[in-house]
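> Taking UniProt numbering, the leading residue of the sequence shown gets 1, the next gets one more, and so forth.
Below you'll find the structure I mean.
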Amino acid sequence: METTELLKRVRRIEIKTKGLSRQIFSGEYHSAFKGRGMSFSEVRSYQYGDDVRNIDWNVTARSGEPYVKVFEEERELTVMLLVDISKSSYFGTVKQPKNELITEICAVLAFSAAQNNDKVGLLLFSDRVEKFLPPKKGRGHVLRIIRELLDTRPEGGGTDIGMALTYFTNMVKKRSICFLLSDYLATDYERPLRLAARRHDLVGLHLYDPRERELPAVGLLRAKDAETGKTQWIDTDSARVRDRYAGWYNDTMDYFNAAFRQSGADTLSVETTEDYVKELLRFFKRRG
1 METTELLKRV RRIEIKTKGL SRQIFSGEYH SAFKGRGMSF SEVRSYQYGD DVRNIDWNVT
61 ARSGEPYVKV FEEERELTVM LLVDISKSSY FGTVKQPKNE LITEICAVLA FSAAQNNDKV
121 GLLLFSDRVE KFLPPKKGRG HVLRIIRELL DTRPEGGGTD IGMALTYFTN MVKKRSICFL
181 LSDYLATDYE RPLRLAARRH DLVGLHLYDP RERELPAVGL LRAKDAETGK TQWIDTDSAR
241 VRDRYAGWYN DTMDYFNAAF RQSGADTLSV ETTEDYVKEL LRFFKRRG
């Protein structure tokens, strides 16, 4: 993308999403996530009623008396955006492609975090890590995140959510609020998801186009797999073909919901034709 056009698109997204963050999401974001992070403060002598899980066994062993760890709420949080930019994210049939919706949602979340003086980081992935921006504060960093979302094209040919989660867990040690944005048309990420959810406050944000749920009966259709490049003819008038496709899609969604539920992480699904503002507000209020 030409630099001039890229800067214009960044500016348009900033004007739209920064206003939403300031006027609508700032308070909701704060109530949904502030106070959930806890950091170590000090140790003190054990008192009746203290949670035994907070006992500092090293200090207790050295002193011969029980000591507990004291934690305090973190005033500043770290927000990580893990974004699937595999080729399937460029699919769109009605209002806008999934990648455009993802960019707007990421911008809203990033500006909401920045307005609360939180750090924001970005990890773009396909079947490999395409780009990693460590968490930082400030408007300039948020604008760079938007530029990378608009301009980075995947070199990888597939999607590997488990790989992205493993990389994130290894790179970001401090507890963070992590939004994982994907169409989740992949499986085999349950274990990395469970490990990441133990350390971080993880939210699976599922973005999908209405045509992905079922095939329309439009006769013989030539279809191309966006990630493998393979093409084939499909008889969409065949009820068996449509049922098999719907079964595959439902299986991936069942896996997504079960994996996140078992890990204890939150989920949110947004269709490209829906008002994502309402969906995000509903989600934030539910958490708050």
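Positions of the beta carbon are idealized from the N, C-alpha and C atoms, including for glycine.
The model shown is predicted, which means the values in this text are computed figures rather than measured ones.
Nearest by alpha-carbon distance to Gln262: which of Glu271, Val218, Pro192 and Val68 is it?
As a first step, residue 262 is located in the sequence shown; it is residue number 262 there, counting from the start. Answer by Cα proximity: Pro192.
> Can you find the residues in the same chain that come closer than 6 Å, C-beta to C-beta, to Val218, ignoring five residues on each side of it along the sequence?
Along the sequence shown, read from residue 1 onward, the residue named residue 218 stands at position 218. These residues qualify, in order along the chain: Thr236.
> In this structure, how does DSSP classify Ala217 when only helix, strand and coil are distinguished?
The sequence position of residue 217 within the sequence shown is 217, counting from 1. If DSSP states are grouped into helix, strand and coil, Ala217 belongs with coil.
> According to DSSP, what are the bridge partners of Leu180?
Mapped onto the sequence shown, residue 180 falls at position 180. Per DSSP, Leu82 and Gly204.
> If you follow the alpha helix (DSSP H) that Pro134 is in, where does it begin and where does it stop?
Taking the sequence shown and counting its residues from 1, the one referred to as residue 134 is at position 134. First-last for Pro134: Val129 to Lys136, but that is the beta strand (DSSP E), not the alpha helix (DSSP H).
> Would you report the Cα separation of Cys106 and Asn250, rounded to the nearest angstrom?
Working through the sequence shown from its first residue, we reach residue 106 at position 106. Working through the sequence shown from its first residue, we reach residue 250 at position 250. Going by the C-alpha atoms only, they are around 26 Å apart.
> Using the Cα positions of Gly140 and Gly158, report the straight-line distance between them to the nearest angstrom.
In the sequence shown, the residue the question calls residue 140 occupies position 140. In the sequence shown, the residue the question calls residue 158 occupies position 158. The alpha-carbon atoms of Gly140 and Gly158 are separated by roughly 31 Å.
> Roughly how many angstroms separate the alpha carbons of Leu133 and Gly19, rounded to a whole number?
Position 133 of the sequence shown holds residue 133. Position 19 of the sequence shown holds residue 19. So the two alpha carbons sit approximately 24 Å from each other.
> According to DSSP, simplified to helix, strand and coil, what is Phe260?
Taking the sequence shown and counting its residues from 1, the one referred to as residue 260 is at position 260. The answer is helix: DSSP assigns Phe260 an H, G or I state.
> Provide the residue span of the alpha helix (DSSP H) that contains Gly19, from first to last.
Residue numbering aside, residue 19 sits at position 19 when the sequence shown is read from its first letter. Where Gly19 is concerned, the enclosing alpha helix (DSSP H) stretches over Thr3 to Leu20.
> Strictly by DSSP, which residues pair up with Glu271?
Looking up residue 271 in the sequence shown gives position 271. Paired residues: Tyr208.
> How many angstroms separate the CA atom of Ile161 from the CA atom of Val120?
By one-based count along the sequence shown, residue 161 stands at place 161. By one-based count along the sequence shown, residue 120 stands at place 120. The straight-line gap from Cα to Cα measures roughly 20 Å.
> Mind checking who Gln232 pairs with in its DSSP beta bridge?
Position 232 of the sequence shown, counted from the first residue, corresponds to residue 232. BP columns for Gln232 point to Ala223.
> Quick check: the region 74–89 against the region 109–126, are there 3 or more CB pairs under 8 Å?
A contact is defined here as three or more CB-CB pairs under 8 Å, and the region 74–89 meets this definition with respect to the region 109–126.
> For Phe168, does the three-state DSSP call read helix, strand or coil?
In the sequence shown, counting from the first residue as 1, residue 168 sits at position 168. Residue state, collapsed to three classes: helix.
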